[in-house]
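With the first letter of the sequence shown counted as 1, position 37 gets the number 247 in the working numbering; the numbers rise by one all the way through. These notes concern the structure reproduced below.
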Amino acid sequence: MEKPAQLTDEIFAIIGTASGKVSDSIRVFQEVESLLKKELSREYIRGYHAASQELEEKNKLKQQREN
Numbered sequence: 211m212e213k214p215a216q217l218t219d220e221i222f223a224i225i226g227t228a229s230g231k232v233s234d235s236i237r238v239f240q241e242v243e244s245l246l247k248k249e250l251s252r253e254y255i256r257g258y259h260a261a262s263q264e265l266e267e268k269n270k271l272k273q274q275r276e277n
């Protein structure tokens with residue numbers, strides 16, 4: 211994940227572009243939602259790969275013990 215401060219800065223930069231109109235506010239919320247979804251997706255993929263590697267290592271150790 212990006213550094214939390216950097217992510218927060220990006221969110222506030224997006225929010226700062228809102229003019230106060232409802233349509234503009236909706237656009238801003240959609241941009242923030244998109245940014246957060248992208249970050250969550252990255253973190254999910256990183257976690258998935260880390261867990262897969264850990265499982266693979268455990269299986270290798272188990273096979274080595276059995277042999």
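Using N, Cα and C, we set each Cβ at its ideal position, and we do this for glycine too. Keep in mind that this is a model prediction, so the values were computed, not measured.
Distance CB(residue i)-CB(residue j) smaller than 8 Å
{"i": "Val-242", "j": "Ile-221", "result": "yes"}
Coil, strand or helix - residue i by DSSP
{"i": "Val-248", "result": "The identity of residue 248 in the sequence shown is Lys, whereas the question assumes Val. Helix, per DSSP."}
{"i": "Ser-229", "result": "coil"}
{"i": "Lys-268", "result": "helix"}
Pairwise C-alpha distance: residue j and residue i
{"i": "Ser-233", "j": "Ala-260", "result": "41 Å"}
{"i": "Gln-216", "j": "Gln-240", "result": "19 Å"}
{"i": "Pro-214", "j": "Glu-276", "result": "45 Å"}
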